[in-house]
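Reading through the structure tokens given below for one structure.
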Amino acid sequence: MAKGLPKSFKKALWVYHCNSGSCNGCDIEIIAALCPRYDVERFGIKLVGTPRHADVLLVTGPVTRQMADKVKRIYEQMPDPKAVICVGNCGNTGDVFYESYNLVGPINEIIPVDVHVVGCPPRPEAIINAVAKAWTKLETLEAKK
Amino acid sequence: MSKKLSPEEIVKYFKDEFKTKIKDVQVRKKSAGSKKKESYSIWMNIDKSIFKPFVKHLCDLQFPHLAVTSGNDLGKTIELIYHFTLGYGTRFGEIVLNVSVELPKSKPEIETICDYIPGALVTEREKQEMLGVKIVGIPDTRRLFLPDDFPEGVYPWRRDETGLEKLYKNLHEVKK
Amino acid sequence: MKQKTTTKTSYHIPIGPIHPALKEPVYFEFEIDGERIVDVDVKLGHVHRGIEWASRKRNPIQILYLAERVCGICSYSHPAAFTLAVEDAAGIEIPERAEYLRVIQGELERICSHTLWAGVAAHEIGFDTVLYFTWEIRERALDLTEYLTGNRVTKAIMTIGGIRRDITKDMLPTVTKHLNYLKDNFEKLRHAFLDDKTVKIRSQNVGILTKEDALKLCAVGPTTRASGVKKDVRVDTSYFAYGDLDVDYMTPDVLTGEINGDVYDRIIVRLLEVKQSIDLIEQCLDKMPSGDIIAEPKPAKLLSQLKKASGEGVGRHEAPRGEVIHYVKLNENEDAPYTWKIRAPTYNNILPWIPMLKGEQIADIPIVAASTDPCMSCTNRVAIVQDNNKYELTKEELHRLSIEKTRRLMKQ
Chain R
20 MAKGLPKSFK KALWVYHCNS GSCNGCDIEI IAALCPRYDV ERFGIKLVGT PRHADVLLVT
80 GPVTRQMADK VKRIYEQMPD PKAVICVGNC GNTGDVFYES YNLVGPINEI IPVDVHVVGC
140 PPRPEAIINA VAKAWTKLET LEAKK
Chain W
13 MSKKLSPEEI VKYFKDEFKT KIKDVQVRKK SAGSKKKESY SIWMNIDKSI FKPFVKHLCD
73 LQFPHLAVTS GNDLGKTIEL IYHFTLGYGT RFGEIVLNVS VELPKSKPEI ETICDYIPGA
133 LVTEREKQEM LGVKIVGIPD TRRLFLPDDF PEGVYPWRRD ETGLEKLYKN LHEVKK
Chain X
27 MKQKTTTKTS YHIPIGPIHP ALKEPVYFEF EIDGERIVDV DVKLGHVHRG IEWASRKRNP
87 IQILYLAERV CGICSYSHPA AFTLAVEDAA GIEIPERAEY LRVIQGELER ICSHTLWAGV
147 AAHEIGFDTV LYFTWEIRER ALDLTEYLTG NRVTKAIMTI GGIRRDITKD MLPTVTKHLN
207 YLKDNFEKLR HAFLDDKTVK IRSQNVGILT KEDALKLCAV GPTTRASGVK KDVRVDTSYF
267 AYGDLDVDYM TPDVLTGEIN GDVYDRIIVR LLEVKQSIDL IEQCLDKMPS GDIIAEPKPA
327 KLLSQLKKAS GEGVGRHEAP RGEVIHYVKL NENEDAPYTW KIRAPTYNNI LPWIPMLKGE
387 QIADIPIVAA STDPCMSCTN RVAIVQDNNK YELTKEELHR LSIEKTRRLM KQ
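As they're listed, the protein sequences go chains R, W and X. Per our numbering, the very first residue in the first sequence carries number 20; after that it's consecutive. Per our numbering, the very first residue in the second sequence carries number 13; after that it's consecutive. Per our numbering, the very first residue in the third sequence carries number 27; after that it's consecutive.
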């Protein structure tokens with residue numbers, strides 16, 4: 020777990036997942052994180068169905084041209100304070116799809132990203148670690164106010 | 013389901029009907045496993061003028077399974093290859109039939125086979141946008157995979173001036 | 027008195043591209059009349075990454091890693107079909123032990139994929155407990171995958187001319203332990219799905235695909251086998267080591283004796299295939315001959331051999347979702363193949379959505395779309411425009427509609 024976390028979470032994080040054209044490898048590891056083996060629900064982290072209820076956005080995939088404005092709209096619909104996690108190598112630098120005619124750039128050219136998770140696909144433990152880091156960032160943002 | 017056919021029978025059935033319009037017939041045999049059971053595939057090249065009667069003749073023999081159509085840009089011509097399979101439902105009796113048709117680049121048109129095989133719609137739409145082939149009589153002419161704002165007249169699979177030479181983006185590069 | 031004129035018009039609902047129960051983001055447009063669906067239109071292309079074009083600058087061994095990432099769940103099937111196509115074009119012979127090992131890896135992937143699907147389908151009906159239960163079983167199958175190949179999802183175990191890792195004698199006890207766990211829990215899985223009254227009510231006579239439609243639209247995989255069409259590349263063609271093993275077509279009449287072509291039949295076909303896969307892995311472990319596992323172990327020599335080869339080849343494999351076909355054309359003295367065409371099984375299973383969804387209710391859309399095994403839950407916004415009021419249904423509400431229907435039916 021990240022340093023500086025108190026023993027109990029002050030509030031539970033609600034997470035929203037968006038697939039911007041990925042191969043689904045990262046998506047199944049995100050759902051595997053919710054299942055009894057890794058079980059993030061014991062921390063209160065829950066997958067919600069709409070960005071308006073969410074605190075953290077998990078984006079996967081290299082952004083295809085058709086999905087670029089949709090990812091932007093989802094980001095704008097989330098209320099502040101929010102954090103964005105980019106899961107998988109595709110969103111970071113393109114991975115194997117580094118040159119293509121239908122992809123518009125790594126995710127941080129479209130929306131600002133807070134935590135990058137490396138891996139193809141990253142293990143569920145790495146994804147939980149990333150959500151915990153986003154949690155510390157949100158707590159520091161709250162404390163600054 | 014379907015009765016078992018041998019590859020020689022199939023080749024003879026088409027050659028009897030279309031005679032010289034079928035060229036370059038090749039029958040390949042492959043064996044796999046310890047018991048070396050065999051599987052066959054037939055490759056043939058047909059003339060564009062007999063394409064639709066050929067497909068009708070094939071459907072009369074046995075309703076085929078159209079797997080996919082692939083395309084090649086060969087310089088002056090565009091070659092479309094239709095991959096059919098016959099004999100599914102019989103144990104180790106399926107034969108893959110690969111039929112290639114060449115179209116001149118000055119007039120890349122071919123008839124649709126959606127009236128015989130409705131499942132061909134998806135793959136025909138893909139050829140229209142990727143290679144610039146015009147499929148005459150297709151029920152749905154919209155783009156399939158490319159976005160609607162992709163420039164007209166650019167065909168990603170072609171290797172000439174209508175292909176993508178400058179249009180791709182490198183996600184890996186570091187902006188200074 | 028005011029004259030009231032009412033005209034009956036049909037509404038158009040767009041769903042997608044971010045949508046529940048779909049493999050790729052896909053855009054649907056439904057034309058509905060009340061609660062019944064009248065017509066369906068499908069629009070694709072949101073995950074188009076230009077993979078076939080990207081292969082023009084890579085040699086065949088680099089393309090293997092690109093082919094794996096076409097889909098994360100069938101990440102073994104695409105390299106398998108690609109190597110079959112290259113071996114067909116270049117005329118490479120594979121050792122016998124490699125063929126048996128390839129069957130084992132393919133069937134293991136089928137178990138992981140079908141249990142994943144079973145969990146997602148249960149979630150769409152409203153049984154979250156069954157989702158967690160099936161994915162726990164899946165975790166044990168993934169443990170076995172990790173033990174044999176080193177990774178859970180993208181395994182990179184296939185190579186041209188053979189396979190990269192062997193199963194040695196000291197690995198056999200762990201493998202048998204995992205297989206026994208899967209065999210013992212299969213009965214619980216079958217009981218949770220097939221004997222449950224609510225699952226039967228929600229899935230019988232829903233989303234029917236008739237045999238003629240399945241034939242004409244060239245559907246593949248469990249979708250078409252559930253409608254009674256016997257199409258399975260493992261039984262139709264002899265490739266890898268399937269010619270030596272005892273494989274047969276899995277149609278619903280093996281279990282129940284009749285074929286309806288609805289969602290319940292597709293659940294039956296997939297569960298029967300899980301049992302068949304466990305059985306096939308055990309047959310392979312018994313019959314595997316000894317020997318090499320790869321025809322040419324040095325990559326540099328393999329690449330120069332492929333550079334001299336020329337020809338065309340077609341490779342077909344039975345992925346968990348259906349038939350995968352790859353076409354490769356190699357030219358002499360060129361590193362990269364001239365053409366590479368991929369056809370994933372879902373593309374043939376998209377046209378069958380139209381006859382399946384016509385006449386169904388809106389609350390049945392998630393389970394019918396999920397029954398042909400597309401993939402993950404992403405999210406969705408459904409907008410219904412009625413006169414001048416705009417209602418927006420989020421994924422939660424669509425899901426809630428699906429669960430409420432279950433509760434309503436349970437009360438009857």
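Don't be surprised by glycine CBs; every beta carbon is placed ideally from N, CA and C. For clarity, every value in this text was computed on a predicted model and none was experimentally measured.
Beta carbon of GLU57 (chain X): closer than 7 Å to some heavy atom of the ligand MN?
The model on display carries no ligand, and the ligand MN is accordingly not part of it.
Assign GLN88 (chain X) to one of three DSSP states: helix, strand, or coil.
Helix, per DSSP.
Return the CA-CA distance between ASN43 (chain R) and ALA148 (chain X), expressed in angstroms with no decimal places.
19 Å
Below 7 Å between beta carbons is the criterion; list the residues of the segment 73-105 of chain R that meet it against any residue of chain W, in chain order.
Cβ contacts with chain W come from PRO81, ARG84, GLN85.
Just checking, does the segment 131-144 of chain R make contact with the segment 31-48 of chain R on the three C-beta pairs under 8 Å criterion?
Under the three-pair Cβ rule at 8 Å, the segment 131-144 of chain R counts as touching the segment 31-48 of chain R.
Beta-carbon of PHE54 (chain X) versus every beta-carbon of chain W: anything under 8 Å?
no
Mind checking which residues open and close the alpha helix (DSSP H) that includes PHE56 (chain X)?
Here PHE56 (chain X) belongs to no alpha helix (DSSP H); instead the beta strand (DSSP E) covers 53-59.
Cβ atoms of VAL350 (chain X) and PRO363 (chain X): under 8 Å apart, would you say?
no
Is DSSP giving PRO278 (chain X) helix, strand or coil here?
helix
As a quick exercise: from X:ILE137, X:LEU110, X:ILE380, pick the residue whose alpha carbon is nearest that of MET184 (chain X).
X:LEU110
Is there at least one Cβ from chain X nearer than 8 Å to ARG56 (chain R)'s Cβ?
yes
To which residues of the same chain is VAL394 (chain X) closer than 7 Å at the C-beta, ignoring the five residues directly before and after it?
If we look at VAL394 (chain X) and ignore the five residues flanking it on each side, its Cβ neighbours are VAL232, GLY233, VAL289, MET382, LEU383, GLU386.
Which chain W residues sit within Cβ distance under 8 Å of GLY119 (chain R)?
According to the sequence shown, residue 119 (chain R) is Ser rather than Gly. Within 8 Å Cβ-Cβ: TYR180, LYS181, LEU183.
Under the rule that 16 or more other beta-carbon atoms within 10 Å means buried, what is LEU435 (chain X), buried or exposed?
Classification for LEU435 (chain X): exposed.
Quick check on DSSP: helix, strand or coil for LYS30 (chain R)?
coil
Just how far apart, CA to CA, sit THR171 (chain X) and GLU162 (chain X)?
14 Å
Could you tell me how far apart the beta carbons of VAL75 (chain R) and ALA102 (chain R) are, in whole angstroms, since I believe they sit closer than 8 Å?
The beta carbons of VAL75 (chain R) and ALA102 (chain R) sit about 5 Å from each other, so the pair counts as a contact at 8 Å.
Provide the residue span of the beta strand (DSSP E) that contains THR89 (chain W), from first to last.
Where THR89 (chain W) is concerned, the enclosing beta strand (DSSP E) stretches over 89-98.
PRO168 (chain W): contacting residues in chain R (beta-carbon distance under 8 Å)
TYR120
Does any CB atom of chain W fall closer than 8 Å to the CB of THR112 (chain R)?
Yes - at least one Cβ of chain W is within 8 Å of the one on THR112 (chain R).
Give the DSSP bridge partners of ASP67 (chain X), in chain order.
Beta bridge pairing from DSSP links ASP67 (chain X) with X:GLU55.
Beta carbon of CYS244 (chain X) nearer than 8 Å to that of HIS77 (chain W):
yes
Any C-beta of chain W under 8 Å from that of CYS100 (chain X):
no
Is ASN85 (chain X) near LEU297 (chain X), with beta carbons less than 8 Å apart?
Contact flag unset, no.
Taking Cβ positions, are ALA240 (chain X) and SER253 (chain X) nearer each other than 8 Å?
yes
Beta-carbon gap between HIS352 (chain X) and ILE368 (chain X) smaller than 8 Å
yes
For LYS88 (chain W) and ASN57 (chain W), which I take to be in contact (beta-carbon distance under 8 Å), what is that distance rounded to the nearest angstrom?
Contact flag wrong, Cβ pair sits at about 16 Å.
Cβ of ALA362 (chain X) less than 8 Å from any chain R Cβ?
no
Going by alpha carbons, who is nearest to PRO40 (chain X) out of X:ASP59, X:GLY60, X:ASP67, X:GLY348?
X:ASP67
Give a yes or no on whether the minimum CB-CB distance between THR405 (chain X) and chain R is below 8 Å.
The predicted model places THR405 (chain X) with a pLDDT of 25, which falls under 50 and marks its position as unreliable, so this point remains unresolved.
Enumerate, from N- to C-terminal direction, the unbroken alpha helix (DSSP H) stretches of 4 or more residues contained entirely within the segment 275-352 of chain X.
As far as the segment 275-352 of chain X is concerned, its whole alpha helix (DSSP H) runs of at least 4 residues are 289-313, 325-334.
Minimum length 3: unbroken beta strand (DSSP E) runs contained in the segment 358-389 of chain X:
365-369
Can PRO105 (chain X) and ILE319 (chain X) be called in contact, C-beta distance under 8 Å?
no
Given a cut-off of 8 Å, decide if LYS69 (chain X) and PRO130 (chain W) are closer than it, judged by their beta-carbon atoms.
no
Taking a contact to mean a Cβ-Cβ separation below 8 Å, would you say GLY187 (chain X) touches ILE137 (chain X) in this structure?
No. Outside cutoff.
TYR207 (chain X) by DSSP, collapsed to three states: which one?
Here TYR207 (chain X) sits in helix by DSSP.
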